[in-house]
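Residue numbers (the working numbering): 59 to 263. Structure first, then comments.
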């Protein structure tokens with residue numbers, strides 16, 4: 059391939075749709091546009107932990123604004139949720155909204171994995187994420203929001219409930235055909251099959 063033919067990324071775009079799996083908006087600005095944008099709590103943690111050359115948090119204002127919103131909104135709208143957990147959701151949504159200029163498709167936000175075995179709590183978390191999007195960016199078409207949910211039995215059951223309510227879902231941490239079949243039966247908009255176990259990304263060796 060010559061330089062006149064464009065990059066390998068351009069070639070891939072010509073035959074497929076390319077998503078952006080990061081919360082670093084500079085990547086999207088440099089390499090976009092992308093179809094969808096996806097993330098999870100680990101990606102959010104790594105992005106929010108970035109520091110500037112003088113040692114300050116790169117996203118300090120975003121973090122402070124999200125914590126302030128969480129304390130205000132928790133009492134008014136979600137009194138049953140820990141403001142710390144709410145703040146994490148708000149931070150993830152705020153990071154995602156920075157990608158608006160570089161996306162043509164969905165924003166994928168993951169529910170709290172702590173609730174992977176509770177249909178009720180997962181559904182509430184998903185609906186809360188959609189509401190946060192509405193609060194922070196009222197003009198965004200909520201049909202572009204897709205909620206990532208771990209593909210436990212309860213998680214896929216939550217996907218079924220949410221899809222019936224018009225909330226798009228993605229069944230993630232999927233390791234077998236049985237999970238894929240259940241996700242299809244539940245009406246999930248997307249699935250995310252995993253090639254390796256999660257530990258290969260975190261355990262040395």
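Heads up, the beta-carbon is just placed ideally off N, CA and C, and yes, glycines get one too.
* Give the secondary structure of residue 75 by DSSP, where H, G and I count as helix, E and B as strand, and everything else as coil. => Within the chain shown, the letter at position 17 stands for residue 75. Assigned with DSSP and collapsed to three states, residue 75 falls in coil, not helix or strand.
* N- and C-terminal bounds of the alpha helix (DSSP H) containing residue 249 -> Locating residue 249 in the chain shown gives position 191, where the first residue counts as 1. No alpha helix (DSSP H) holds residue 249; the beta strand (DSSP E) holding it covers 248 to 251.
* Is it right to say residue 206 is buried, meaning 16 or more other beta carbons lie within 10 angstroms of its own, or is it exposed? -> Taking the first residue of the chain shown as position 1, residue 206 is located at position 148. Around the beta carbon of residue 206, a 10 Å sphere encloses 16 or more other beta carbons of the protein chains shown; the residue is thus reported as buried.
* Which full runs of the beta strand (DSSP E) of 3+ residues lie inside the region 150 to 178, going along the chain? -> With a minimum length of 3 residues, the continuous beta strand (DSSP E) runs that stay inside the region 150 to 178 are 165 to 168.
* To do: Would you kindly report the start and end of the unbroken alpha helix (DSSP H) that includes residue 209?
  => Taking the first residue of the chain shown as 1, we reach residue 209 at position 151. Boundaries cannot be given for residue 209, as no alpha helix (DSSP H) includes it and DSSP labels it neither H nor E.
* Cα separation between residue 152 and residue 130? -> The residue you call residue 152 lines up with position 94 of the chain shown. The residue you call residue 130 lines up with position 72 of the chain shown. Annotation: residue 152 to residue 130 spans about 16 Å, alpha carbon to alpha carbon.
* **Anticipated Cβ contact below 8 Å, residue 245 with residue 221, distance rounded** => The residue labelled residue 245 in the question sits at position 187 within the chain shown. The residue labelled residue 221 in the question sits at position 163 within the chain shown. Yes, residue 245 and residue 221 are in contact; Cβ-Cβ is about 4 Å, under 8 Å.
* To do: Quick one: give me the first and last residue of the beta strand (DSSP E) that residue 226 is part of.
  => Indexing the chain shown from 1 puts residue 226 at position 168. Note, residue 226: beta strand (DSSP E), 226 to 232.
* **Distance CB(residue 177)-CB(residue 216) smaller than 7 Å** => Here the question's residue 177 lines up with position 119 in the chain shown. Here the question's residue 216 lines up with position 158 in the chain shown. Against a cut-off of 7 Å, the Cβ pair of residue 216 and residue 177 comes out as a contact.
* Rounded separation between residue 65 and residue 89 - CA only -> Position 7 of the chain shown, counting from 1, holds the residue named residue 65. Position 31 of the chain shown, counting from 1, holds the residue named residue 89. Rounded to the nearest angstrom, the two C-alpha atoms are 10 Å apart.
* **For residue 120, the first and last residue of its enclosing alpha helix (DSSP H)** => For the purposes of this step, residue 120 is identified with residue 62 of the chain shown, where counting begins at 1. Going by DSSP, residue 120 is part of the alpha helix (DSSP H) stretching over 118 to 134.
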